[in-house]
Structure formats: structure tokens, C-alpha cells
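A.B. asks:
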Amino acid sequence: MSEIAALIPHGGAMVLLDRVVRWDAEGIVCAARSHLDPANPLREAGRLACVCGVEYALQAAALHGALLAGGQAQRAGYAASLRN
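Residue 638 in the working numbering sits at position 51 of the sequence shown, and the numbers go up by one each step.
And the structure:
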């Protein structure tokens, strides 16, 4: 996880991804167990809302961008809009 933390703009418990399963120029597959952790910082009243999955996806996207850039962390980005 420390390798992932070096490549995304998050730290500590907010690094939600555990490992990269595989990646290429077209996409990335990551694995995480942090959704099972009672101390997950996204939990409210002991529950992790399904919308928190967006944060996992955004971290995977940031990690993919860094890997595509040769393992160089990229500046922080922001999700401007989410739609159903």
C-alpha cells in the first residue's frame, strides 16, 4: 500500500486501495479490503454508503494515471460531477 500512497494524492487511512491486480494502457484492476475495516474513514454510523465506491474508483483512476506517467505521481484532480 505504501507504493500506492506515493502515487495518489491521499495519505493514511484514506489510501483505500491495497494492490494493483493488473493494468495496461486501457485500464486498471485494483483490489481493496478497506471497505471491510470498521475504522474506514468513510464510514458513518458504522456503515459504508454505496456512493463511497466512487472514491475507490477515483483512486484507481489516479493510480492508473500515475502508472501511465511512468510511476510519477500526478497533481490532484477533482470529480466535477456525478450522474446516474
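Heads up, the beta-carbon is just placed ideally off N, CA and C, and yes, glycines get one too.
Nothing here was measured: the structure is a model prediction, and the numbers come from that model.
Residue 626: buried (16+ other C-beta within 10 angstroms of its C-beta) or exposed?
C.D. replies: Here residue 626 refers to the residue found at position 39 of the sequence shown. Residue 626 is exposed by the Cβ-count criterion.
A.B. asks: Rounded to whole angstroms, what's the CA-CA distance from residue 613 to residue 639? Just pull it up for me.
C.D. replies: The residue given as residue 613 occupies position 26 in the sequence shown. The residue given as residue 639 occupies position 52 in the sequence shown. Cα to Cα, residue 613 sits roughly 24 Å from residue 639.
A.B. asks: Which runs of the beta strand (DSSP E), 3 residues or longer, sit entirely within the segment 609-651?
C.D. replies: 614-618
A.B. asks: What distance in whole Å lies between the Cβ atoms of residue 628 and residue 600, which are believed to be in contact at a cut-off of 8 Å?
C.D. replies: Here residue 600 refers to the residue found at position 13 when the sequence shown is read from its first residue. Here residue 628 refers to the residue found at position 41 when the sequence shown is read from its first residue. Indeed they touch by this definition, with Cβ atoms about 5 Å apart.
A.B. asks: So residue 650 and residue 604 are supposed to be a Cβ contact under 8 Å. How far apart are they, rounded?
C.D. replies: Residue 650 sits at position 63 when you count from the first residue of the sequence shown. Residue 604 sits at position 17 when you count from the first residue of the sequence shown. Right, their Cβ atoms sit about 7 Å apart.
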